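For the sequence shown, our numbering gives the first residue as 202, with consecutive numbering after it. Each residue gets a CB set at the ideal place from its N, CA and C atoms; glycine is no exception. Everything numeric in this text was worked out from a predicted model, so none of it was measured. Okay, structure first, notes after.
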Amino acid sequence: MKNLPTLKTIFSQLEDENISIYDYKENDKLCGYELNTYTHKGVNQILFLDFRDTGLNPKSPKDFMAVFSNRIADIDTDEEIEINRQNRNYRNSFSIRESLEDFEEWKGNLESLVKKIIMLKSMQTFAIEKAFFINNQKINTTEELASYVTKFGKENVCKYMSYAKCIELKDSKLDTETGFILWACEDGSFISESGYHYDIDCFL
């Protein structure tokens, strides 16, 4: 997995999915993370990402995603259901079919989340290879784009922007969440490295 988002961005994506992240330390050394997750029916599931004896760095986005992906792949939904159905209250609340659907959906959502995080940076990396021009002039900053919006109007500029899925804007002052690069999308909105979307009107 190359060109991944920052660890801060990854954690932000997890938190957006209502997943809480807690450091796991031994002797003040970061050795992993505990991810507090819930199934759709409200069953609390803790995922432990163990970096001990792996040679991997828990502060590395690449290593984090590798351990996270492997942990999800190792989830045995039948085993998780069996563990939970040992609880009488759980058995009385959910049928076996409901349990199966709930846990399969839970694992599937986690798998989709991994793909979403990987694709976020992949989309941005792909955009770097594209040059974006309006009237044969390359646009590099938010100020330049804003001047074209003022001159031609929002709708026309959005049409021009359809030449590329995303463009790199090197001026990052308007991204108050991260202070990093903003990306202009073909629908006229913007996305920051942290995944936040902005309407083009923000730049006027």
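Burial of Y234 is indicated by the presence of at least 16 other C-beta atoms within 10 angstroms of its C-beta. Ranking I318, N293, Q214 and C232 by CA distance to the CA of G256 puts C232 first. For E218, there is no enclosing beta strand (DSSP E), as DSSP gives it neither H nor E. From the listed residues N228, Y239 and E227, the smallest Cα separation to F304 is found for Y239.
Sequence-distant Cβ neighbours of E312 in its own chain, meaning closer than 7 Å and more than five residues away, are I273. Judged by DSSP in its simplified three-state form, G256 adopts coil rather than helix or strand. Counting every other CB atom within 10 Å of its CB across the protein chains shown gives S296 a total below 16, marking it as exposed.
Boundaries around F249 are those of the beta strand (DSSP E), N245 to D251, since no alpha helix (DSSP H) includes it. The stretch 219-232 makes contact with the stretch 241-259: 3 or more CB pairs, one atom from each, lie closer than 8 Å.
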